Structure formats: C-alpha cells, structure tokens
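Just below is one structure, and these are the notes that go with it.
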Amino acid sequence: MRLTTKGRYAVTAVLDLAFHQKGGPVSLAEISQRQGISLSYLEQLFSRLRRNNVVNSTRGPGGGYSLAREESEISMAQIIIAVDESYDATNCDSEGSCTGDQYQCLTHDLWQELSQEIHSFLNNISLAEMKSKEKVINVVERQQCQQGEGFLETSMSSIHIKESTS
C-alpha cells in the first residue's frame, strides 16, 4: 500500500479545519502554522478539495476555507480521493504489471482485496468520528497550548521592552 504525504496532509489539514472553523473561515496560513505544512502545498491540496466539494472558499478580508458539508458526511476516503491519492495496493496498473499481460499475477486478488479493505476502512471513518477521538483532541489541545505559550512569551517580551524604555 502506498499512501503518500499528499493524502496524509490532506486528512490532517481538513481535520484541523474542522476543529478551527467555529469562528468562520480558516486561512491556510493558520493551518500551515499549526500543522507545519507548507502554505504552497496546502494551496494545491485545497484547490482539489474545493473542486471535489470537501471544502468551500471565501474570498476577501476574513476569508479562508470552511467545510462544504457536515463533518459526519465527509469520510477519510473522500478526502484522500479528492486530492487524487490512490491507496491501490495491487500496483498492477504500473508499467510491466500483470494487467498488461494476458493473465493476472499470482497475488493480484490478494492485493485487490487489501485495497478494497483499506477503502472500506477509510470510507467508514467520518470527520466527526475523528474529531471525537480522545487522542486527536489531546493533540489539538497540546497545539493550542503551544501556540498560547508562544503568544504569551511575545506579549511578555513587549511588556518588558515598554517597561525598560519608560
């Protein structure tokens, strides 16, 4: 099975969006900062996610992205497929593979069934379900604390500078 960075980053970014869209659209710069994914890479992913009705975009000041559907209606498989990610474990579509021959390879059916199981597994996990997982919530809380500490340190530095110059 080959699930690349594209699929993993798409799931991570959409999950981040689901947690942070309460106050309105979320900018890709915010997601980039929280998740450590480059802004240009997120732009490519979200263009595909928008075309496939996973997210909506809002232009202008205060713009950004929001989910196009309810969290319970978006599966992990839909997110991965939206960014053209394949989780085909057969590898039989590549050059010199068994589909180019008259006969399938010995293990073709095994890998085909694995691909179907992976799709079924990912298709049965919704964004809402991922958001409710305790481990996921703990990671989000940790990220918020880390950002809060950074904000607090910056605020304290500016207060200290103002006191020094007075």
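Residue numbering for the sequence shown follows our numbering, starting at 1 and increasing by one per position. Even glycine gets a Cβ: it sits at the ideal position worked out from N, Cα and C. Source: prediction; values computed, not measured.
Residues near residue 5 by beta carbon distance below 8 Å, same chain, minus five either side: none
Does the beta-carbon of residue 61 have 16 or more other beta-carbons within 10 angstroms, so that it is buried, or is it exposed? exposed
With a floor of 3 residues, list each beta strand (DSSP E) that falls wholly inside the segment 52-79, ordered by position along the chain. 55-58, 64-67
Check for me: the alpha helix (DSSP H) holding residue 145 runs from which residue to which? 134-165
Determine which residues share a DSSP beta bridge with residue 126 and list them. 75
Whole angstroms is fine: what's the gap from residue 73's alpha carbon to residue 106's? 38 Å
Beta carbon of residue 76 nearer than 8 Å to that of residue 122: yes
In three-state DSSP terms, what is residue 14? helix
Burial state of residue 29, where buried means 16 or more other Cβ atoms lie within 10 Å: exposed
Excluding the 5 residues flanking residue 63 on each side, which residues of the same chain have their C-beta closer than 8 Å to its C-beta? 25, 27, 57
Over the uninterrupted alpha helix (DSSP H) stretch that includes residue 33, give me the two end residues. 28-35
Per-residue DSSP class, three states only, for residue 173: A question about residue 173 goes unanswered here, because the residues of the chain that appear run from 1 up to 166.
Verify whether the separation of the beta carbon atoms of residue 42 and residue 31 is less than 8 Å. yes
Look at the Cβ atom of residue 9, then the Cβ atom of residue 37, and state whether they are nearer than 8 Å. yes
Rounded to whole angstroms, what is the Cα-Cα separation between residue 109 and residue 103? 12 Å
Short of 8 Å in beta carbon distance, which residues of its chain neighbour residue 46, apart from the five on each side in sequence? Order them along the chain. 13, 28, 55, 57, 65
On the three-state DSSP scale, how would you describe residue 103? coil
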